[in-house]
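According to my numbering, the sequence shown is numbered sequentially starting from 8. Notes follow the structure.
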Amino acid sequence: MDALTRVSGLGFGVAMLWFSLLVLIPLTAVVVTATTGGWAGFWEAVTTEQTLAAIELTVGTAFAVTLVNIVIGTMIAWVLVRDRFFGKRILEIIIDIPFALPTIVAGLVLLSLYGPKSPLGIDIANTRQAVFLAFLFVTLPFVVRTVQPVLAELDRDVEEAAMSLGASRITVFRRIILPSLTPAIAAGAALSFARGVSEYGSLVLLSGNLPNQTEVTSVRILSSIENDNLDSAAAVATILLVISFVVLILVDYLQRRLVRRG
Numbered sequence: 008m009d010a011l012t013r014v015s016g017l018g019f020g021v022a023m024l025w026f027s028l029l030v031l032i033p034l035t036a037v038v039v040t041a042t043t044g045g046w047a048g049f050w051e052a053v054t055t056e057q058t059l060a061a062i063e064l065t066v067g068t069a070f071a072v073t074l075v076n077i078v079i080g081t082m083i084a085w086v087l088v089r090d091r092f093f094g095k096r097i098l099e100i101i102i103d104i105p106f107a108l109p110t111i112v113a114g115l116v117l118l119s120l121y122g123p124k125s126p127l128g129i130d131i132a133n134t135r136q137a138v139f140l141a142f143l144f145v146t147l148p149f150v151v152r153t154v155q156p157v158l159a160e161l162d163r164d165v166e167e168a169a170m171s172l173g174a175s176r177i178t179v180f181r182r183i184i185l186p187s188l189t190p191a192i193a194a195g196a197a198l199s200f201a202r203g204v205s206e207y208g209s210l211v212l213l214s215g216n217l218p219n220q221t222e223v224t225s226v227r228i229l230s231s232i233e234n235d236n237l238d239s240a241a242a243v244a245t246i247l248l249v250i251s252f253v254v255l256i257l258v259d260y261l262q263r264r265l266v267r268r269g
């Protein structure tokens with residue numbers, strides 16, 4: 008391995024220092040706080056009925072929403088790149104609204120449309136469906152925006168050559184397009200899952216935060232902090248950290264396998 012130059016070494020040192028201050032040290036502090044009361048206290052904090060219900064709801068819903076985003080997000084990216092239609096630029100802007108919109112405003116918008124006074128006649132407030140809808144709203148852009156630039160850079164000549172040799176559209180997509188898109192889809196899926204697991208603002212008004220029913224982990228953590236129970240809050244946060252880390256590893260492994268098989 009080549010030795011770093013002085014400039015490269017300085018840049019690497021600054022980057023690692025910045026990364027440590029913003030990520031490594033805070034995460035380590037959370038884990039240390041979670042184990043302040045010992046492993047018995049940690050286990051007790053994360054295995055209460057209310058906490059387990061919140062973790063199950065959050066992780067399960069985030070996973071389901073991620074699967075939806077993989078399919079729908081890839082389809083939307085395909086339409087935006089491969090098709091021309093009236094209103095395309097407007098759709099491009101609308102897709103990014105969840106990025107720019109404060110999550111509490113998103114919650115108010117969703118409550119107005121799907122709450123007790125819904126103009127559509129659909130009232131899902133204070134239900135698990137509300138949690139699913141909120142997760143869908145805030146995670147919509149991730150897969151679209153990671154897949155779109157990769158799809159736009161694909162060489163169409165390769166696809167046309169394959170079809171001229173007798174390959175069907177499905178074969179071209181499976182053998183040529185999908186392997187190229189897999190890393191981008193995996194990255195978008197990981198971002199989508201992480202965003203869903205950490206969501207709070209859009210749920211405050213719509214889900215009702217009912218214990219054992221519609222309470223997510225972010226609300227559970229806030230409740231623990233408000234009750235001056237930092238150890239319990241840190242314990243739940245640590246569980247989410249471990250789950251997210253495992254999901255990132257699995258996504259990376261799966262996308263590498265798919266690329267090799269493609």
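Every residue, glycine too, gets a C-beta built ideally from N, C-alpha and C.
query = Counting pairs of Cβ atoms below 8 Å between the stretch 137 to 157 and the stretch 191 to 210, do you hit three or more?
reply = yes
ask   = Quick one, are the C-beta atoms of T221 and S214 less than 8 Å apart?
value = yes
inquiry  = Can you tell me whether K124 is helix, strand or coil according to DSSP?
reply    = coil
query = With a cut-off of 8 Å, do at least 3 Cβ pairs link the stretch 44 to 58 to the stretch 236 to 245?
reply = yes
task = Return the chain-ordered ranges of every alpha helix (DSSP H) run that is complete within the stretch 153 to 234 and spans a minimum of 4 residues.
result = Taken in chain order, the whole alpha helix (DSSP H) runs of length 4 or more contained in the stretch 153 to 234 are 163 to 171, 176 to 179, 185 to 204, 224 to 233.
message = Taking 8 Å as the threshold (C-beta atoms), are I83 and A196 in contact?
response = no
ask   = So the alpha helix (DSSP H) L64 belongs to, where does it begin and stop?
value = That run of the alpha helix (DSSP H) goes 56 to 89.
ask   = Roughly how many angstroms separate the alpha carbons of V179 and V151, rounded to a whole number?
value = 21 Å
key: The alpha helix (DSSP H) enclosing G18, as first and last residue numbers   = 13 to 26
request  = With DSSP as the reference, label T42 as helix, strand or coil.
outcome  = coil
request  = Examine chain C for any beta-carbon lying closer than 8 Å to the beta-carbon of P109, and answer yes or no.
outcome  = Given the protein chain composition of this structure (a single chain), no chain C is represented.
key: Distance, A137 Cα to K124 Cα   = In this structure, the straight-line span from the alpha carbon of K124 to that of A137 is close to 15 Å.
query = Exposed or buried, which one is V258 when buried takes at least 16 other CB atoms within 10 Å?
reply = With 16 or more neighbouring CB atoms inside 10 Å of its own CB, V258 falls in the buried class.
ask   = Which residue comes first and which comes last in the alpha helix (DSSP H) that contains A107?
value = 104 to 107
request  = With a threshold of 16 other CB atoms inside 10 Å of the CB of T12, please say whether the residue is buried or exposed.
outcome  = exposed
inquiry  = With the cut-off set at 8 Å, would you say T146 and S199 are in Cβ contact?
reply    = yes
query = In angstroms, rounded to a whole number, what distance separates the CA positions of R246 and E167?
reply = First, the amino acid is wrong: residue 246 is Ile here, not Arg. Looking at the two C-alpha atoms, the distance is approximately 48 Å.
key: CB of R227 within 8 Å of CB of Q57, strictly   = yes
query = When burial is assigned at 16 or more other CB atoms within 10 Å of the CB, is M8 buried or exposed?
reply = Low local confidence applies: a pLDDT of 49 at M8 is under 50, so the model's placement there is unreliable, and no value is given.
ask   = Ordered along the chain, which non-local residues of its own chain (more than five positions away) have a Cβ less than 8 Å from that of V37?
value = A241, A244, T245, L248
Proximity winner among G203, V211, T42, relative to A69 (alpha-carbon distances) = G203
request  = Identify whether M8 lies in helix, strand or coil by the three-state DSSP scheme.
outcome  = The predicted position of M8 is uncertain, since its pLDDT is 49 and thus under 50; no value can be drawn from it.
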